Amino acid sequence: MPCLCETCENVRAVSTARSRFLLCRLSATNAAYPKYPPQPVVRCDGYRARKFADERSVTHMLPLYHDPHFTFRFADDRSIPRFHLEGVEIGRRVAVYKINPDSGERLSLLATASVGEGGWVDLIEPIIVRAGEAFIAVPDSPS
Ligand code: SF4
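The sequence shown begins at -9 in my numbering and counts up one residue at a time.
Right under this line is the structure:
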């Protein structure tokens, strides 16, 4: 599952003996961005593609884990009628949870839906997201 932070010029990887964290440098100047964004981030208004010279080192860094969900975060207020899940097959059920944007803790179920054509998920009612808030989309396990 692709993670925007891995190729973003605003990220700094922080490694310890046992773990690796992705630190968002925008957090120093903008409260909408948590210091350690819950991964993987698949949609982010602050994303800026890293210049080519840096891409090699990023490409060769392996994330230590993959979460079976997609994280969406926004720097301004949005109404979200649909979103895209890369690589999730048509027909999979998806649960959408509001999360604590800093810790990633699940707060409440916002919606459920099915993945449609091309990985697009159309919601019955748009999700209203305020600046700095985030949600995750969690596909059901394949049957
Ligand atoms: S949270 Fe957004 S701005 Fe920060 S490093 Fe990740 S993609 Fe870049």
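Just so it is clear, CB atoms sit at the ideal spot from N, CA and C, and this is done for glycine as well.
The structure displayed is predicted, hence computed values, not measured ones.
Could you tell me whether the Cβ atoms of residue i and residue j are closer together than 7 Å?
| i | j | result |
| --- | --- | --- |
| residue 86 | residue 75 | no |
| residue 66 | residue 121 | yes |
| residue 36 | residue 23 | yes |
Measure the C-alpha to C-alpha separation of residue i and residue j and round it to an integer number of angstroms.
| i | j | result |
| --- | --- | --- |
| residue 49 | residue 59 | The pLDDT assigned to residue 49 is 37, lower than 50, so where the model puts this residue is not dependable; a value taken from the coordinates is nonetheless given after this. Their Cα atoms are separated by approximately 21 Å. |
| residue 53 | residue 10 | In this predicted model, residue 53 has a pLDDT of only 37, less than 50, meaning its place in the structure is not dependable; the value taken from the coordinates is given anyway. Each residue's alpha carbon lies about 8 Å from the other. |
| residue 56 | residue 79 | Per-residue confidence for residue 56 stands at a pLDDT of 45, beneath the threshold of 50, marking its modelled position as unreliable; no derived number is given. |
| residue 63 | residue 4 | 21 Å |
| residue -8 | residue 30 | 7 Å |
| residue 109 | residue 20 | 31 Å |
| residue 38 | residue 83 | 31 Å |
| residue -2 | residue 34 | 10 Å |
| residue 45 | residue 98 | Reliability fails at residue 45, whose pLDDT of 41 lies under 50, so the model's placement of it is uncertain and the value that follows must be treated cautiously. Cα to Cα, residue 45 sits roughly 36 Å from residue 98. |
| residue 134 | residue 16 | Given that the chain is displayed from residue -9 to residue 133, the structure contains no residue 134 and the question cannot be resolved. |
| residue 129 | residue 77 | 11 Å |
| residue 94 | residue 113 | 22 Å |
| residue 1 | residue -6 | 10 Å |
Since residue i and residue j are thought to touch, with beta carbons under 8 Å apart, how far apart are those beta carbons, to the nearest angstrom?
| i | j | result |
| --- | --- | --- |
| residue 68 | residue 119 | 5 Å |
| residue 71 | residue 124 | That pair is no contact at about 17 Å. |
Near ligand 1, which residues have their beta-carbon closer than 6 Å to a heavy atom? Those residues that have a beta carbon less than 6 Å away from any non-hydrogen atom of ligand 1 are, in order along the chain, -6, -5, -2, 0, 1, 14, 16, 23, 27, 31, 34, 36, 37.
What beta strand (DSSP E) runs, 3 residues minimum, are completely inside the segment 33 to 118? If we require 3 residues or more, the beta strand (DSSP E) runs fully inside the segment 33 to 118 come out as 60 to 63, 68 to 74, 83 to 89, 96 to 104.
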